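According to numbering that gives the first Met the number 0, the sequence shown is numbered sequentially starting from 0.
Where is the CB? At the ideal position from N, CA and C, for every residue including glycine.
Remember, predicted model here, so these are calculated numbers, not experimental data.
Notes to accompany the following structure.
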Amino acid sequence: MQLLHLSYSVSSCTPALSSQQSASTQQQTAYQHRTTEWSQWRHVYSCFCLYFKSCFLKMRRRAGVGAIQKQKLEQEKYKDKGTVIQENQFEQMTKQMEVFRGNLEEFATKYKNEIKKNSQFRRQFQEMCSSIGVDPLASGKGFWSVLGIGDFYYELAVQIVEVCMATSYKNGGIIGLDELRDRLIKARGRNIQHQEITVDDLLCAAKKLKIFGNGFCVIPVGKGQYMVQSVPGELSMDQTAVLKLLSSSGSPCVSLSSLKVQLNWEETRAVNAISQMVIEGLCWVDSQNEGEFSYWFPAMFNECITS
């Protein structure tokens, strides 16, 4: 009886186990199916996202190119408009300058004699001419020749050349502007009109002598102080520095040691500057002093100026 009962129990439990295994297998199959389906959906979603992203980027790129082209067109329009405005302004300014020049010519005709006689009035008139690009000396064949203003500067320039050539054997071809003015006044006579020569007149006439090349030039040697060079060749920066030092100190001579101290130069630089000026005849060598030579500049001699 016991054997029969056991056999019955085992046989009765077998279907139960079989049903449980079948349910588990179905669950696994369903899970795998869901997993596969989810993977497929994820793949489809990823592809959709990539496609949408690429389309969006293309749309943005197209919009960016259009915006750039639009901006370029606007810039071209602004540029064209700016060119038109600039041309209109230039045309208006040209007309205004022509009107001003006509008024200036009428003014010069009316006050012709006053411009010639009054040095201060002549200087102010010269400044007005320069501000609008009118050069009385360069315009000698036109309207200004009728006024005789250009002739004044031509005459003054010729007299500057005469004085420079007459004194070059004394000063080596360099003369101060004040000395030049004094000599011109003496040469032009005692007439009151001839006395009205200013430094501005001399500068204006002397600067026109540049057309002869490097033979004539104006050298600034200090605040409001100038010298006129009448020898061929240009002075170097070091030579100009020596002249400025002499002009500021008021002394007509200099030594190598003073150049080294006051200009903070090396000895070689000072020797080169002075040696070249000695060769060109701009200064004289004084070997009487003990220790070192002195170099005298005739252009700075008071006796040379008054002689």
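| Check | Outcome |
| --- | --- |
| Name the residue from Ile210, Lys206, Val260, Gln224 whose alpha carbon lies nearest to the alpha carbon of glycine 175. | Gln224 |
| Buried or exposed, going by whether 16 or more other CB atoms sit within 10 Å of the CB of valine 227? | buried |
| My understanding is that proline 297 touches glycine 171, with C-beta atoms under 8 angstroms, so please give their C-beta distance in whole angstroms. | 6 angstroms |
| From the DSSP secondary-structure annotation, give me the bridge partner or partners of valine 168. | For clarity, residue 168 is tyrosine in the given sequence; the question names valine instead. Tyrosine 168 is not bridged to any residue. |
| Under 8 angstroms by Cβ, that's how I've got serine 246 and cysteine 163 pegged, so tell me the actual separation to the nearest angstrom. | That belief does not hold up - the Cβ atoms of serine 246 and cysteine 163 are roughly 18 angstroms apart, past 8 angstroms. |
| If contact is defined by three or more beta carbon pairs under 8 angstroms, each pair taking one atom from either stretch, is the segment 259–273 in contact with the segment 152–159? | no |
| Could you work out which residue in Lys169, Phe124, Arg187 is closest to glutamate 154 when comparing CA atoms only? | Arg187 |
| Within the chosen definition, does the segment 115–130 reach the segment 194–214 through at least 3 CB pairs nearer than 8 angstroms? | yes |
| Check whether the Cβ atoms of cysteine 321 and tyrosine 152 lie closer than 8 angstroms to each other. | As shown, the chain starts at 0 and ends at 306. That puts residue 321 outside it, with no answer to give. |
| How should threonine 166 be labelled, buried or exposed, when 16 other C-beta atoms within 10 angstroms of its C-beta is the threshold for buried? | buried |
| I'd like the span of the alpha helix (DSSP H) that includes cysteine 203, first residue to last. | 198–206 |
| Please list the terminal residues of the continuous alpha helix (DSSP H) segment that includes isoleucine 273. | 266–278 |
| Assuming serine 293 is part of the beta strand (DSSP E), what are its boundary residues? | 293–295 |
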